[in-house]
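Worksheet for the structure shown next.
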Amino acid sequence: MASPAFSLSLQQCGVAAAMAGLLGLTGCQAWNTQDSLPPTSGVQPLKGLAQNVSVRRNSLGMPLIESNTFHDALFTLGYVHASDRLTQMVTLRLLAEGRLAEMDGPDALDTDRFMRAVNLKKSAGELYNASSPRLKRFFEVYARGVNAYLFRYRDKLPADLARSGYSPEYWKPEDSALIFCLLNFNLSANLQQEISSLVLAQKVGVDKLAWLIPAAADEPLPLAEAEKLKGIALSQVSGLGALNKAAEQVAALNILGAGTSTNWAIGPQRSRSGKSLLAADLQQPTSAPAAWNYVQIHAPKYQAAGTSIAGLPMVLSGFNGKVAWSMAAVPGDNQDLFLEKLKRQGNALYYEADGKWLPAIVRNETYFIKGQRSIRETVYETRHGPLLNSALDNTALTAGYGLALQTSSFKDDKSLDAYFDLSRAQSAERASDASREIRAIALNMVFADASHIGWQVTGRFPNRREGEGLLPSPGWDSRFDWDGYADAMLHPYDQDPTQGWLGTANQRTAARGYGMQLSNAWYYPERGERLAELAAAGKQDSRSTIAMQYDQSTTFASKLKKMFEAPGMAGPLKQAIDALPDAERGKAREALGRLLAFDGKLSPTSADAALYELFLQESMKQIFLDKLGPENGPVWQAFVANGKLSYSAQADHLLGREDSPFWDDSRTPQKEDKPAILARSLAAAISAGDRQLGSDHKAWQWGTLHHYVWKNSAGQAIRGAIPAGGDHTTLNTSAYAWDGENLDAIQVPGVRLIVDFGQVEPMTGQQSPGQSGNPASPSYASGIDGWLKAQYVSFPMQPQNFDRAYGTTRLTLVPGK
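Just so we're aligned, residue 1 is where the sequence shown starts under the UniProt record's numbering, counting upward by one.
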């Protein structure tokens, strides 16, 4: 689920420059200037304001907007977002529209082709048009604030924008709906997995594919789902290689970095104060700036503090003085790929539908490319949606198969109104009512007031006539089509559970046999399991909640120990170790003994944690590399990509699947079994440690292999390397790349918040690396120290406490002429 940020030299541009734009960094230019930093004090006249507005900033640069009207507050929010994250806003918009090549040149063209085919602009238009006149006015006022900044600082743009030569267009209200749709696209779980799974199927065949795409540890393998691909010549899927590469590029951009996240609420009966608590984090790459930023608004009829995305006039997770709310990914499967049989007749492209050949819909797209002449290309669509590979490999669509993407329709969708209503809710009950109306994005919404807690799954989930949507379906057979959407009243929810807490960590939250299908792409369950252990342990308060957010213990270690000691494994494993060559036998025995004694605490100073993680790395290679390699090949990379996004075949095989065909090493004449491969993996883990950490095994440290390193888009460290603990299964997440010896953290909780209703001022929060997207700003990386030290800042709701949190220095915006 985690995706690494791009790494490149100063001379490299292309798609990496798109990442530079997304992150608001220097990209391929070295530029550090104060000219692009707007003032944080004094008086500025702005046309569009009705009355004076005050903007104060705390020690980390997070803004407090004080206004006499909500209209002026929204206008100022647009102005402040642009002043903090203009490059990010512009680049998110270009990415969503498929126009990155206009700023970053031809190397971004395939990303643009992919995004044009997806056509988020259409979805955003539906969503915006369905919104109420009230909501449209809010977006219009916000856009005026953004444009007021663009106009005032048109000659002092951030360095990367100025040096790129791209002149940003003025912000439109619909652009904010586009950013919302981009966030939804990023949180939808299964698209890249479906593409990667086809790459795997081309290599291992349909019969073995199910072993590589498990849904959860206690779920049967999706053998029936794989059956629908039998008899299809998958080698004839045109342009799959280009499509998989483009999907990986989009994933590497990581768009809005919220693929993994955690949120929970503690009820009054489990709280030391007798009042509720809520906690949440949003995880993102260790790159600067993060996608998320904090904002606080104080107006007579509206107040809220929390996380926002520049370009979207909403507090997405936060607190309004009465209610706290937080978002986390479900992750929902609301995108499906359909294999389409294609043929050409003359210049027309046709696809088969229930025995008939229908003409594909033609959509022409024009691409403006920096440094080159514009080009015009065709995107084809079927009854299921756009043919993604038609955008990337148009010439190949003469015969064979295409891949059409079906996504949810947003006609008559009031999600933008509902999300705004959520931020104004004055009770947990009202928050529940508003959350249920959020359909355009699949989220685990957790909310609380002082006396009550609740959870609601939002989104729009298709009813599939047949199949589960885990793999592409035959598009020519309407048996696999969608049949509307699940009733929102069926979406899982809970309020004031008897256990006294509730929470989500992207794990499976709907039991087998539940009345609707949310997903088959759940993340690893261990974070959710550890959350349950800690939340149920005694009374909770802010201090224990912080300890939970920084917890680095994994429950997978105990599962691994249980597997090693199982009656059917312990004996055969000992025999397999005894059968190893002399040089390997002692290593395997040492590794097994230490793993059986390991307590699961992945602290940066732990020697056994280092061995444990090396075993995970080496076992993946020992089990699968012979059939899916080489390591730099597209099949292995597709396998690794799936392991980042959801519960992996590696974890599934380690805990069970003794009858899997992947235990046998195809490179040897004999037939291996699970104990034999585990014995090899144990020895290989010690050998890997010897190479990377030295021969003194007691001196090994996990933090020697695993670091926090915050980087800019040029791959240059702006902070680090700092020894890190944890991994992808710990509440204090620090996921690393599975496909190399560099085990540095690439995905961490960049934003954390806590609302403790037992406190006079309930909300505290933190973010890394910083509030500003401008490297010239003192707030560019100022959050890292507090993040490392578990320090939080206060977001007070009572005006008498504003000075303590934000100081007295302010920028006063006044109506201009």
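Yeah, the Cβ is synthetic: ideal placement off N, Cα and C, and Gly gets one too.
Since the model is a prediction, treat every value here as computed from it, not as a measurement.
- Taking C-beta separations shorter than 7 Å and ignoring five residues to either side along the sequence, the partners of residue 654 in its chain run 560, 563 and 619, following chain order.
- If you check the CB distance, residue 747 and residue 283 come in under 8 Å.
- Look at residue 179 here: in three-state DSSP terms it is helix.
- Under the DSSP definition of a beta bridge, residue 749 partners with 283.
- Per DSSP, the beta-bridge partners of residue 327 are 445.
- In the three-state reduction of the DSSP assignment, residue 264 falls in the strand class, which pools E and B.
- Residue 296 is bridged by DSSP to 64 and 305.
- The C-alpha of residue 421 lies about 25 Å from the C-alpha of residue 802.
- With fewer than 16 neighbouring CB atoms inside 10 Å of its own CB, residue 356 falls in the exposed class.
- Under the three-state reduction of DSSP output, residue 211 falls in the helix class.
- The C-alpha of residue 555 is placed about 16 Å away from the C-alpha of residue 606.
- In the same chain as residue 171, and ignoring 5 residues on each side of it, the C-beta atoms closer than 6 Å to its own belong to 143, 146 and 147, in chain order.
- The continuous alpha helix (DSSP H) containing residue 642 extends over residues 634-645.
- For residue 494, no alpha helix (DSSP H) segment is defined; the enclosing uninterrupted segment is the beta strand (DSSP E) at 493-495.
- Annotated as proximal: residue 197 and residue 213, with beta-carbon spacing under 8 Å.
- Spatial neighbours of residue 208 in its own chain (CB-CB distance under 7 Å, excluding positions within 5 residues in sequence) are listed in chain order as 661.
- Secondary structure note for residue 789: it is in no beta strand (DSSP E), with a DSSP letter that is neither H nor E.
- Within the same chain, Cβ atoms closer than 6 Å to the Cβ of residue 790 are found at 546 and 550, the five residues on either side in sequence being excluded.
- Per DSSP, the continuous beta strand (DSSP E) segment holding residue 462 begins and ends at 462-464.
- Counting along the chain, the unbroken alpha helix (DSSP H) around residue 87 starts and ends at 70-97.
- If you draw a straight line from the Cα of residue 328 to the Cα of residue 588, it is about 40 Å long.
- Of 529, 287 and 761, the smallest CA-CA separation from residue 793 is found for 761.
- Three or more beta-carbon pairs separated by less than 8 Å are not found between the stretch 709-727 and the stretch 265-277, which leaves the two stretches without contact.
- Residue 412 and residue 484 have their C-alpha atoms some 14 Å from each other.
- Residue 75 and residue 96 have their C-alpha atoms roughly 23 Å apart.
- Cβ neighbours of residue 728 within its own chain (closer than 6 Å, five residues either side excluded): 735.
- Residue 368 counts as exposed, since fewer than 16 other C-beta atoms from the protein chains shown sit within 10 angstroms of its C-beta.
- For the pair residue 579 and residue 687, the Cα-to-Cα distance works out to about 18 Å.
- Counting only residues of its own chain and dropping the five nearest sequence neighbours on each side, residue 615 has a CB closer than 7 Å to the CB of 591, 595, 681, 682 and 685.
- The C-beta distance from residue 290 to residue 769 rounds to 7 Å, short enough to fall under 8 Å.
- Per the C-alpha coordinates, the member of 110, 134, 68 and 154 positioned closest to residue 87 is 154.
- Annotation: the continuous alpha helix (DSSP H) that includes residue 619 extends over 607-628.
- Taken in chain order, the whole beta strand (DSSP E) runs of length 3 or more contained in the stretch 478-525 are 482-485, 493-495 and 501-504.
- The beta carbon of residue 366 sits closer than 7 Å to those of 374 and 376, all from its chain and outside the five residues before and after it, given in chain order.
- A direct Cα-to-Cα measurement between residue 52 and residue 448 gives close to 34 Å.
- Here residue 80 really is in contact with residue 65; their C-beta atoms are around 7 Å apart, less than 8 Å.
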